[in-house]
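**Q** Quick note: the sequence shown, position 104, residue 387 per my numbering, numbers continuous. For each residue, glycine too, the CB sits at the ideal point set by N, CA and C. First the structure, which I've put down as structure tokens, then a few questions once you've had a look.
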Amino acid sequence: LKESQEDKLLQEKQNRELLSNISHDLKTPITTLSGYIDLLVLKYREFGNNSPEVNLALQKTKQKAQMMQHIILQQLDFARICSGDAEFPLKRINLTELCREIALSYYDCLNDNHFQVSLDLSDPPIYAATSPDAIRCIMQNLIDNSIKYGESGRFLGIAISQNDQEIVIQISDHGPGIPPAEQKKIFDRNYQINKSDYALQGHAGLGLSIVEKIAARCHMSIQLESQPGATCFSIIVRKTLEMRTENDNIG
Numbered sequence: 284l285k286e287s288q289e290d291k292l293l294q295e296k297q298n299r300e301l302l303s304n305i306s307h308d309l310k311t312p313i314t315t316l317s318g319y320i321d322l323l324v325l326k327y328r329e330f331g332n333n334s335p336e337v338n339l340a341l342q343k344t345k346q347k348a349q350m351m352q353h354i355i356l357q358q359l360d361f362a363r364i365c366s367g368d369a370e371f372p373l374k375r376i377n378l379t380e381l382c383r384e385i386a387l388s389y390y391d392c393l394n395d396n397h398f399q400v401s402l403d404l405s406d407p408p409i410y411a412a413t414s415p416d417a418i419r420c421i422m423q424n425l426i427d428n429s430i431k432y433g434e435s436g437r438f439l440g441i442a443i444s445q446n447d448q449e450i451v452i453q454i455s456d457h458g459p460g461i462p463p464a465e466q467k468k469i470f471d472r473n474y475q476i477n478k479s480d481y482a483l484q485g486h487a488g489l490g491l492s493i494v495e496k497i498a499a500r501c502h503m504s505i506q507l508e509s510q511p512g513a514t515c516f517s518i519i520v521r522k523t524l525e526m527r528t529e530n531d532n533i534g
């Protein structure tokens with residue numbers, strides 16, 4: 284039984300390494316392809332061509348290349364996290380400011396897609412001893428998810444609050460919601476919600492699995508509340524004893 288378990292762990296390790304190697308090999312040509320598409324679009328317009336059909340074809344080709352690049356990067360991230368190679372060093376950071384920076388990085392995307400944005404960021408700021416890289420990766424995956432699947436509601440909310448035990452960062456949208464039967468499954472690797480409204484349309488479905496694994500690595504947790512017209516993911520950052528005994532709000 285022990286040998287069987289060891290063989291299983293070895294096989295899983297080899298599979299992760301194979302996946303990582305394949306993803307890495309694909310990363311460079313896909314990036315190059317995306318660059319050539321950009322050049323093609325630029326040259327096409329430079330010579331005064333403005334065929335709607337060609338423009339649409341180029342746009343769709345670029346979207347597919349970006350989708351493939353996103354999938355490959357997710358596979359690499361997932362393999363690194365599962366193998367323990369990904370590091371998330373802890374440091375004392377201004378979480379309020381980090382949330383603001385991440386929100387601002389989405390300004391063009393949200394503006395172009397006519398999203399209403401609600402930022403409820405505390406003043407004075409909230410500090411925490413946690414990994415800024417982990418928070419950034421988790422928030423970006425959740426925001427991407429809200430923009431993609433909550434697009435029909437055209438709303439994104441980002442809020443941060445705290446109590447004596449924990450700090451809570453909330454990412455919310457006004458999309459169709461996630462059916463109750465699906466909510467416990469969405470963090471499974473490659474799980475796809477059955478309803479067509481939620482179809483991943485070619486995506487590998489790794490985003491939420493990555494979110495959950497990073498959160499577990501960094502002593503955080505993810506909570507989900509969803510109903511038709513309102514979905515909210517909460518990132519729970521547990522305070523250390525040191526943080527609970529000192530003043531969390533530093534001016």
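Answer yes or no: do Leu404 and Arg383 have a C-beta to C-beta separation smaller than 8 angstroms?
**A** Start at 1 with the first residue of the sequence shown, and residue 404 comes out as number 121. Start at 1 with the first residue of the sequence shown, and residue 383 comes out as number 100. In this structure, Arg383 lies closer than 8 angstroms to Leu404 by Cβ.
**Q** Secondary structure at Ser455, three-state DSSP: helix, strand or coil?
**A** The residue you call residue 455 lines up with position 172 of the sequence shown. Ser455: strand per DSSP, three-state reduction.
**Q** Hey, would you say Ser444 sits closer than 8 angstroms to Asp471, going by beta carbons?
**A** Here the question's residue 444 lines up with position 161 in the sequence shown. Here the question's residue 471 lines up with position 188 in the sequence shown. Not in contact: Ser444 and Asp471 (Cβ atoms no closer than 8 angstroms).
**Q** Write down the C-beta distance between Asp447 and Gly433 rounded to the nearest angstrom, noting that I regard them as a contact closer than 8 angstroms.
**A** The residue you call residue 447 lines up with position 164 of the sequence shown. The residue you call residue 433 lines up with position 150 of the sequence shown. Contact doesn't hold; Cβ gap of about 32 angstroms is too wide.
**Q** Measure how close the beta-carbons of Ile519 and Val451 come, nearest whole angstrom, since I'm counting them as under 8 angstroms.
**A** Your numbering for residue 519 matches position 236 in the sequence shown. Your numbering for residue 451 matches position 168 in the sequence shown. The C-beta distance from Ile519 to Val451 rounds to 6 angstroms, short enough to meet the 8 angstroms contact threshold.
**Q** Taking DSSP as the reference, what is the three-state secondary structure of Leu439?
**A** By 1-based counting over the sequence shown, the position of residue 439 is 156. Three-state result, Leu439: strand.
**Q** With H, G and I counted as helix, E and B as strand and the rest as coil, what does DSSP make of Asn569?
**A** With the chain represented from 284 up to 534, any question about residue 569 goes unanswered, as that position is not in the structure.
**Q** Suppose only complete runs of 4+ residues qualify. What are the alpha helix (DSSP H) ranges in the region 354–424, listed by chain order?
**A** As far as the region 354–424 is concerned, its whole alpha helix (DSSP H) runs of at least 4 residues are 378–388, 390–395.
**Q** Given a cut-off of 8 angstroms on the beta-carbon distance, is the pair Gln349 and Ser317 in contact?
**A** Along the sequence shown, one-based indexing puts residue 349 at 66. Along the sequence shown, one-based indexing puts residue 317 at 34. By the CB criterion at 8 angstroms, Gln349 and Ser317 fall inside the cutoff.
**Q** Could you tell me the alpha carbon to alpha carbon distance between Ile376 and Arg419, rounded to whole angstroms?
**A** Translated into the one-based positions of the sequence shown, residue 376 becomes position 93. Translated into the one-based positions of the sequence shown, residue 419 becomes position 136. Going from the Cα of Ile376 to the Cα of Arg419 covers about 12 angstroms.
**Q** Pull up the DSSP beta-bridge partners for Val520, would you.
**A** What you label residue 520 is simply residue 237 of the sequence shown in a count that begins at 1. DSSP lists Ile450, Met503 as partners of Val520.
**Q** Within this structure, are the beta carbons of Arg363 and Gln399 separated by less than 8 angstroms?
**A** Stepping through the sequence shown from its first residue, residue 363 is reached at position 80. Stepping through the sequence shown from its first residue, residue 399 is reached at position 116. It is not a contact, given that the beta carbons lie outside the stated cut-off.
**Q** In the DSSP assignment, find the alpha helix (DSSP H) that holds Glu465 and state where it starts and stops.
**A** Position 182 of the sequence shown, counted from the start, is the residue given in the question as residue 465. Note, Glu465: alpha helix (DSSP H), 463–466.
**Q** Based on DSSP bridge pairs, tell me the residues matched to Ala498.
**A** Locating residue 498 in the sequence shown gives position 215, counting from the first residue. Partner(s): none; Ala498 has no beta bridge.
**Q** Only counting the same chain, and skipping five residues up and downstream in sequence, which positions put a Cβ closer than 8 angstroms to that of Gly460?
**A** Within the sequence shown, numbered from 1, the residue matching residue 460 stands at position 177. Contacts found: Ser509, Gln510, Pro511, Gly512, Ala513, Thr514.
**Q** Look at the Cβ atom of Ile426, then the Cβ atom of Ile454, and state whether they are nearer than 8 angstroms.
**A** Numbered from 1 along the sequence shown, position 143 holds the residue referred to as residue 426. Numbered from 1 along the sequence shown, position 171 holds the residue referred to as residue 454. Yes, Cβ-Cβ distance for Ile426 and Ile454 is below 8 angstroms.
**Q** Would you kindly work out how many angstroms separate the C-alpha atoms of Ser414 and Pro335, rounded to a whole number?
**A** The count along the sequence shown starts at 1 and reaches residue 414 at position 131. The count along the sequence shown starts at 1 and reaches residue 335 at position 52. If you take the alpha carbons of Ser414 and Pro335, they lie about 46 angstroms apart.
**Q** Going straight from the alpha carbon of Leu293 to that of Leu373, what length do you get?
**A** Here residue 293 is taken as the residue at index 10 of the sequence shown, counted from 1. Here residue 373 is taken as the residue at index 90 of the sequence shown, counted from 1. Computed Cα separation, rounded: 30 angstroms.
**Q** For the candidate residues Glu465, Asp395, Gln352, whose alpha-carbon lies nearest to that of Thr311?
**A** Position 28 of the sequence shown, counted from the start, is the residue given in the question as residue 311. Measuring from the Cα of Thr311, the nearest candidate turns out to be Gln352.
**Q** Measuring CB to CB, does Phe371 end up less than 8 angstroms from Asp416?
**A** On the sequence shown, position 88 is the one that residue 371 refers to. On the sequence shown, position 133 is the one that residue 416 refers to. The answer is yes: Cβ separation under 8 angstroms.
**Q** What number of angstroms, rounded off, separates the C-alpha of Met422 from the C-alpha of Tyr327?
**A** The residue given as residue 422 occupies position 139 in the sequence shown. The residue given as residue 327 occupies position 44 in the sequence shown. If you take the alpha carbons of Met422 and Tyr327, they lie about 37 angstroms apart.
**Q** So, Ala412 versus Leu378, is the Cβ gap smaller than 8 angstroms?
**A** As a position in the sequence shown, residue 412 is number 129, starting the count at 1. As a position in the sequence shown, residue 378 is number 95, starting the count at 1. In this structure, Ala412 sits away from Leu378, with a CB-CB distance that is not shorter than 8 angstroms.
**Q** Express the C-alpha separation of Asp368 and Val494 in angstroms, rounding to a whole number.
**A** Residue 494 sits at position 211 when you count from the first residue of the sequence shown. Residue 368 sits at position 85 when you count from the first residue of the sequence shown. About 16 angstroms.
**Q** Just how far apart, CA to CA, sit Gly458 and Leu359?
**A** The sequence position of residue 458 within the sequence shown is 175, counting from 1. The sequence position of residue 359 within the sequence shown is 76, counting from 1. One C-alpha to the other measures close to 29 angstroms.
**Q** Assign Ser509 to one of three DSSP states: helix, strand, or coil.
**A** Counted from its first residue, the sequence shown places residue 509 at position 226. Collapsing the DSSP output to three states places Ser509 in a strand.
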